[in-house]
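Take 1 as the starting number for the sequence shown in our numbering and just add one per residue. No residue lacks a Cβ here, since even glycine has one placed at the ideal position from N, Cα and C. If you're wondering where the values come from, they're calculated on a predicted model, not measured in any experiment.
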Amino acid sequence: MHEMSICEGIRGVIEDQAKAHGVTKITRVRVELGRFAGVEKDALHFAFDVVMRGSVAEGAELVTIDLPGQALCYDCMKEVQIEHRLDPCPDCGGGKLMPQGGDEMRIKDLEAA
């Protein structure tokens with residue numbers, strides 16, 4: 001379950017930022033997840049609760065924000081949203097698409113008490 005190691009990385013960022021800003025309690029963590037990031041949301045939420053125990057984010061709410069898959073279609077030269085990496089262009093039906101986004105994962109913001 002790589003979601004556990006992802007949450008360990010998130011915990012490190014949270015603790016560093018809390019220390020840098022003199023925060024003792026984080027109540028909400030918002031994370032942006034691209035469609036192609038390969039992260040199972042249910043597993044991420046479970047791992048988050050486990051990994052945050054004993055940290056400044058213990059009991060914090062994890063909010064995931066879905067980001068769409070994006071690709072540039074070389075047939076119609078439009079940037080389009082796609083559901084799966086190998087989907088054809090939803091506008092022209094072309095098959096020459098270059099993924100442009102949707103594999104990102106980042107902490108958007110933290111909410112402190």
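For residue i, which of the options has the nearest alpha-carbon?
{"i": "residue 7", "options": "99, 21, 39 and 79", "result": "39"}
{"i": "residue 64", "options": "72, 43 and 82", "result": "43"}
{"i": "residue 96", "options": "26, 75 and 32", "result": "75"}
{"i": "residue 100", "options": "34, 15 and 13", "result": "34"}
{"i": "residue 120", "options": "29, 21 and 2", "result": "Outside the shown range of the chain, which is 1 to 113, sits residue 120, and nothing can be said about it."}
{"i": "residue 77", "options": "19, 67, 98 and 46", "result": "98"}
{"i": "residue 107", "options": "70, 9, 4 and 19", "result": "9"}
Tell me the DSSP secondary structure of residue i in three-state form.
{"i": "residue 106", "result": "strand"}
{"i": "residue 56", "result": "coil"}
{"i": "residue 7", "result": "helix"}
{"i": "residue 69", "result": "strand"}
{"i": "residue 29", "result": "strand"}
{"i": "residue 61", "result": "strand"}
{"i": "residue 94", "result": "coil"}
{"i": "residue 38", "result": "coil"}
Residues in its own chain within less than 8 Å of residue i by CB, not counting five upstream and five downstream?
{"i": "residue 11", "result": "51, 52, 55 and 57"}
Closer than 6 Å by C-beta to residue i: which residues in its own chain qualify, once you throw out the five before and the five after it? Chain order, please.
{"i": "residue 112", "result": "23 and 26"}
Segment contact, 8 Å Cβ cut-off, at least three pairs: the region 87 to 97 with the region 46 to 66: no
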